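A.B. asks:
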Ligand SMILES: Cc1cc2nc3c(=O)[nH]c(=O)nc-3n(C[C@H](O)[C@H](O)[C@H](O)COP(=O)(O)OP(=O)(O)OC[C@H]3O[C@@H](n4cnc5c(N)ncnc54)[C@H](O)[C@@H]3O)c2cc1C
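In the numbering used here, the protein residues as written are -7 to 389.
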């Protein structure tokens, strides 16, 4: 251990990710944004650097690393390219961790092999009429003989069109049409008939990863595709949300990384840029801005690392993950905005990365649970009440 509280292995991993970020990932970031093409070359780099699937247990081909290890890599990569940071999130957290926690041996082997080969799984929850209120989803899986037939529409699905493995949430109905609750199924694009990518959303930022509308039309799945059984009304979905705390920490980490990247650019520029015969960092107005930015970043980093550490051996604590995501996503937007201001007109130009960072970072108070809904999660934990207005607002009674 050292003063940062990181082990020597973690420091090595962080150094590896930083080197990759500073080199090839930084070089490609603007082009990935401009062309809106998924960076498959960066996926290969992540694979070679063993930063993909590192949280997968060793028995399934991964490295059995903890959430903090993943966070260190995601943080470093996101400072250079948020899209690449998100790929590191979704190949280490979220859907893959849900499958590794709840799946059968067969499901775990399949999902691990796909991710380790470079597939970024997609997680399909949100629907046009069921966003924050995910329990209101209308996608349904009807049991018919020895199969489920899935019909419905999801939107804003990250990776739609590039991801192969999909973890899809639907209301499950038995043969008699009785609702059993929400369950999670695995399907594979281009193999599972009836899974159709029907539209790409034109997004503000994070343009290198497609956000898509996905339709399920009479999509037939065997019972072996069910990863998270409904287990009574809403309980299956609560299982997903437990696993999803890892993804929330991951999303907070991307926001943190983007803001750290922008802050560093502003810090360097503040020495380089001269006005009134001196570096602009000699003006107290900017010194205090830098101080405030660094305070926000240190606080956010502490929350994110703490939330990640809380999940060792399981999943991150829901309260800590929600606190980390709300604080980090909101403060990262402010830090990036302030960093852009340091550059004056240059900051507003597409020739510098600041405007891309400002677009990219804006997403994190929305995706993966909005800041408002996560505040309700925090309040529920403080009040020790299950509040219905959260994505996992199930009740045992
Ligand atoms: C870039 C991006 C990637 C995404 N990726 C995925 C993905 O891979 N898979 C997936 O399933 N979904 C994904 N989403 C969808 C995301 O999870 C939803 O956008 C989010 O849960 C909010 O749902 P909504 O957009 O329908 O907003 P709404 O639920 O309609 O909310 C609108 C506004 O009302 C507020 N609000 C709603 N309920 C309450 C309440 N009870 N109290 C206070 N305020 C409230 C919200 O905070 C928000 O400000 C993604 C979204 C984005 C932007």
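Glycine included, every Cβ here is placed at the ideal spot set by N, Cα and C.
Bear in mind the structure is a predicted one, so any value in this text is a computation, not a measurement.
Three or more beta-carbon pairs under 8 Å between the region 118 to 129 and the region 137 to 150, yes or no?
C.D. replies: Yes, the region 118 to 129 touches the region 137 to 150.
A.B. asks: According to DSSP, is residue 377 helix, strand or coil?
C.D. replies: Note: residue 377 maps to coil in three-state DSSP.
A.B. asks: If you reduce the DSSP assignment to three classes, tell me which class residue 208 lands in.
C.D. replies: In this structure, residue 208 counts as strand in the three-state DSSP scheme.
A.B. asks: Rounded to whole angstroms, what's the CA-CA distance from residue 177 to residue 99? Just pull it up for me.
C.D. replies: Distance between the alpha carbons of residue 177 and residue 99 is about 10 Å.
A.B. asks: Can you tell me whether DSSP reads residue 159 as helix, strand or coil?
C.D. replies: Strand.
A.B. asks: Hey, how far is the Cα of residue 158 from the Cα of residue 347?
C.D. replies: Going by the C-alpha atoms only, they are around 32 Å apart.
A.B. asks: Residue 322: beta carbon under 7 Å from a heavy atom of ligand 1?
C.D. replies: No, the Cβ of residue 322 stays beyond 7 Å of every heavy atom of ligand 1.
A.B. asks: When burial is assigned at 16 or more other CB atoms within 10 Å of the CB, is residue 270 buried or exposed?
C.D. replies: Under this definition residue 270 is an exposed residue.
A.B. asks: Rounded to whole angstroms, what's the CA-CA distance from residue 179 to residue 216? Just pull it up for me.
C.D. replies: C-alpha separation (whole angstroms): 11 Å.
A.B. asks: Counting only the same chain and skipping the five closest in sequence on each side, list residues whose C-beta sits under 6 Å from that of residue 272.
C.D. replies: Cβ within range, chain order: 262, 265 and 278.
A.B. asks: Assess, as a yes-or-no matter, whether the region 37 to 50 is touched by the region 58 to 77 under the definition of 3 or more beta carbon pairs within less than 8 Å.
C.D. replies: Result yes; three or more Cβ-Cβ pairs closer than 8 Å.
A.B. asks: With respect to the alpha helix (DSSP H) encompassing residue 296, which residues constitute its N-terminal and C-terminal limits?
C.D. replies: 276 to 301 is the span of the alpha helix (DSSP H), which, as asked, contains residue 296.
A.B. asks: Mapping the DSSP letters down to three states, classify residue 182 as helix, strand or coil.
C.D. replies: In this structure, residue 182 counts as coil in the three-state DSSP scheme.
A.B. asks: My parser needs the beta strand (DSSP E) runs of 3 or more residues fully inside the region 86 to 138; what are they?
C.D. replies: The region 86 to 138 contains these whole beta strand (DSSP E) runs: 114 to 116 and 132 to 136.
A.B. asks: Tell me whether residue 114, by its Cβ, gets closer than 7 Å to a heavy atom of ligand 1.
C.D. replies: Checking every heavy atom of ligand 1 against the Cβ of residue 114, one is found closer than 7 Å.
A.B. asks: Residue 268 bridges to which residues according to DSSP?
C.D. replies: Bridge partners of residue 268: none, in fact.
A.B. asks: Have a look at the DSSP bridge pairing and note the partners of residue 173.
C.D. replies: DSSP output for residue 173 lists 164 as bridge partner(s).
A.B. asks: In whole angstroms, give me the CA-to-CA distance for residue 135 and residue 17.
C.D. replies: When rounded, the distance between both Cα atoms is 46 Å.
A.B. asks: Please give the ranges of any alpha helix (DSSP H) in the region 48 to 74, keeping only runs that are unbroken, at least 4 residues long and fully inside the region.
C.D. replies: Within the region 48 to 74, the complete alpha helix (DSSP H) runs of at least 4 residues are 59 to 72.
A.B. asks: Should residue 255 go down as buried or exposed, given a rule of 16 or more other Cβ atoms within 10 Å for buried?
C.D. replies: Per the 10 Å Cβ criterion, buried.
A.B. asks: Any idea which residues DSSP pairs residue 213 with across the strands?
C.D. replies: The partner list for residue 213 (beta bridge, DSSP) reads 140.
A.B. asks: Below 8 Å on the Cβ atoms is my contact criterion, and I expect residue 293 with residue 370 to pass it. Report the Cβ-Cβ distance as a whole number of Å.
C.D. replies: 19 Å between Cβ atoms; not a contact.
A.B. asks: Who are the near neighbours of residue 363 in its chain, counting only those whose CB is closer than 7 Å to its CB and skipping five residues on each side?
C.D. replies: Once the five neighbours on either side are set aside, the close Cβ partners of residue 363 are 318, 321, 322 and 357.
A.B. asks: Between residue 59 and residue 246, how many whole angstroms is the CB-CB distance? I'm expecting something under 8 Å.
C.D. replies: That belief does not hold up - the Cβ atoms of residue 59 and residue 246 are roughly 14 Å apart, past 8 Å.
A.B. asks: Can you tell me the Cα-Cα spacing of residue 51 and residue 96, whole angstroms?
C.D. replies: Roughly 14 Å separates the two Cα atoms.
A.B. asks: Quick check on residue 187: does DSSP put it in helix, strand or coil?
C.D. replies: Residue state, collapsed to three classes: strand.
A.B. asks: Within the present structure, is the beta-carbon of residue 160 separated from the nearest heavy atom of ligand 1 by less than 7 Å?
C.D. replies: No, the Cβ of residue 160 stays beyond 7 Å of every heavy atom of ligand 1.
A.B. asks: Count the other CB atoms within 10 Å of the CB of residue 330; is the residue buried (16 or more) or exposed (fewer)?
C.D. replies: With 16 or more other Cβ atoms within 10 Å, it is buried.
A.B. asks: Say yes only if the C-beta of residue 124 is nearer than 7 Å to one or more non-hydrogen atoms of ligand 1, and no if none qualify.
C.D. replies: True, at least one ligand heavy atom lies under 7 Å from that Cβ.
A.B. asks: Using a threshold of 8 Å, state whether the C-beta atoms of residue 87 and residue 53 are closer than that.
C.D. replies: Contact flag unset, no.
A.B. asks: Suppose you measure from the CA of residue 79 to the CA of residue 205; what does that come to, to the nearest Å?
C.D. replies: Going by the C-alpha atoms only, they are around 19 Å apart.
A.B. asks: Helix, strand or coil for residue 248? Go by DSSP, reduced to three states.
C.D. replies: If DSSP states are grouped into helix, strand and coil, residue 248 belongs with the helices.
A.B. asks: If you follow the alpha helix (DSSP H) that residue 219 is in, where does it begin and where does it stop?
C.D. replies: It is not in any alpha helix (DSSP H) - residue 219 instead sits in the beta strand (DSSP E) that spans 218 to 220.
A.B. asks: Which value, in whole angstroms, describes the spacing of the CA atoms of residue 190 and residue 312?
C.D. replies: When rounded, the distance between both Cα atoms is 36 Å.
A.B. asks: For residue 258, collect the residues of the same chain with a Cβ closer than 6 Å to its Cβ; drop the 5 residues on either side in sequence, then sort them by chain order.
C.D. replies: Taken in chain order, the residues that qualify are 331 and 334.
A.B. asks: Please say whether residue 297 and residue 219 have beta carbons closer to each other than 8 Å?
C.D. replies: Not closer than 8 Å, so no.
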